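FYI, in our numbering the residues of the sequence shown are 248 to 480.
Beta carbons are placed, not taken as given, at the ideal position from N, Cα and C, and that holds for glycine.
The model shown is predicted, which means the values in this text are computed figures rather than measured ones.
Take a look at the structure set out below.
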Amino acid sequence: MRHKDRLAAVKYRSFDYDVKAVGDDGLFSGYGSVFGVVDSYNEVVAPGAFLESIEDAKAKSRTFPVLWQHRTGEPIGSWDISSMKEDDRGLFGAGELWLQDAPYARIAYRGMQTRSITGLSIGYYVRESSFDEKTRIRTLTKLDLIEVSIVTVPANDEARTDTIKSKLAHGGLPSMPEFELLLREAGFSKSQSTVIANRGLQHLLRSESEGDLAAIEIVEALKSRPALSLPSF
Numbered sequence: 248m249r250h251k252d253r254l255a256a257v258k259y260r261s262f263d264y265d266v267k268a269v270g271d272d273g274l275f276s277g278y279g280s281v282f283g284v285v286d287s288y289n290e291v292v293a294p295g296a297f298l299e300s301i302e303d304a305k306a307k308s309r310t311f312p313v314l315w316q317h318r319t320g321e322p323i324g325s326w327d328i329s330s331m332k333e334d335d336r337g338l339f340g341a342g343e344l345w346l347q348d349a350p351y352a353r354i355a356y357r358g359m360q361t362r363s364i365t366g367l368s369i370g371y372y373v374r375e376s377s378f379d380e381k382t383r384i385r386t387l388t389k390l391d392l393i394e395v396s397i398v399t400v401p402a403n404d405e406a407r408t409d410t411i412k413s414k415l416a417h418g419g420l421p422s423m424p425e426f427e428l429l430l431r432e433a434g435f436s437k438s439q440s441t442v443i444a445n446r447g448l449q450h451l452l453r454s455e456s457e458g459d460l461a462a463i464e465i466v467e468a469l470k471s472r473p474a475l476s477l478p479s480f
């Protein structure tokens, strides 16, 4: 099912970066995003998703900033818009860190050289996407790229499970992708997690909306699972 996301909010997609080179002058090149990889949100970027955004920037003679930790007030470099393109793997481009002008650019540069900073995170709006009811995977087909940040610690499944556990500890219920992530952390395979979530959580959500006390019991059962131990607040 395809649809346009008219009320889109800025989203972020993080990963370990794939930089081909970091020169003494702060120049580097690499992939800002890769295609065909399903993330922990059950979303995947499709080829062609960035094309319109890149062409629009070129037509306006502008480029995309390199930010530090998504801080709009901390630009530390820029991407060479003429180098940005999609290939078979993903979104490729060359960038420059402003080593002489931005203090955090020097921190990023040193971290990239020593491999102690290994995260890239893109900021974007989702304009068009499609959702597969069978696989529960959302394919992002059209994105408005806003910026590409260098981040100290890229968002990962471990950080996300802490957030989900906090939600459970407060009596809330996870979304379908979040529930699958918890099941994977507990030792279930991806396919098993999908089956359990589709056949179990949907019923739980319906029951909870109807005021069924059984929903509370299931949440408590999730809390008691050793691999899903929850923090205290």
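One Cα belongs to Pro322, the other to Ala296, and the distance between them is close to 24 Å. For Ile384, the secondary structure class from DSSP, reduced to helix, strand or coil, is strand. Of the candidates Asp379, Gly324, Leu390, Tyr372, the residue whose Cα lies closest to the Cα of Asn289 is Asp379. Less than 8 Å divides the Cβ of Thr310 from the Cβ of Ser325. Between the alpha carbons of Thr388 and Ser368 lies a gap of roughly 18 Å. When the Cα atoms are used, Val281 and Val373 turn out to be separated by approximately 16 Å. Annotation for Leu392: Phe297, Ser300, Phe311, Ile369, Tyr371 place their beta carbon closer than 7 Å to its own, counting only its chain and skipping 5 residues before and after.
For Gly273, the CB contacts under 8 Å within the same chain, skipping 5 residues up- and downstream, are Gly324, Glu343, Leu344, Trp345, Leu346, Ala352, Tyr356 in chain order.
The continuous alpha helix (DSSP H) containing Ile301 extends over residues 298-306. For His317, same chain residues with a beta-carbon under 8 Å away, outside a window of 5 residues either side, are Tyr259, Ser368, Gly370, Glu394, Ser396, Val398 in chain order.
Annotation for Arg357: the continuous alpha helix (DSSP H) segment containing it runs 350-361. The beta carbon of Phe339 sits closer than 8 Å to those of Ser276, Gly277, Tyr278, Gly279, Ser330, Met331, Lys332, Glu333, all from its chain and outside the five residues before and after it, given in chain order. According to DSSP, residue pairing for Ala341 in a beta bridge involves Ser276, Asp327. Look at Leu420 here: in three-state DSSP terms it is coil, with no helix or strand label.
Residue range 312-315 is occupied by the beta strand (DSSP E) that includes Pro312. When C-alpha distances from Ala304 are compared across Met423, Leu390, Asn445, the shortest belongs to Leu390.
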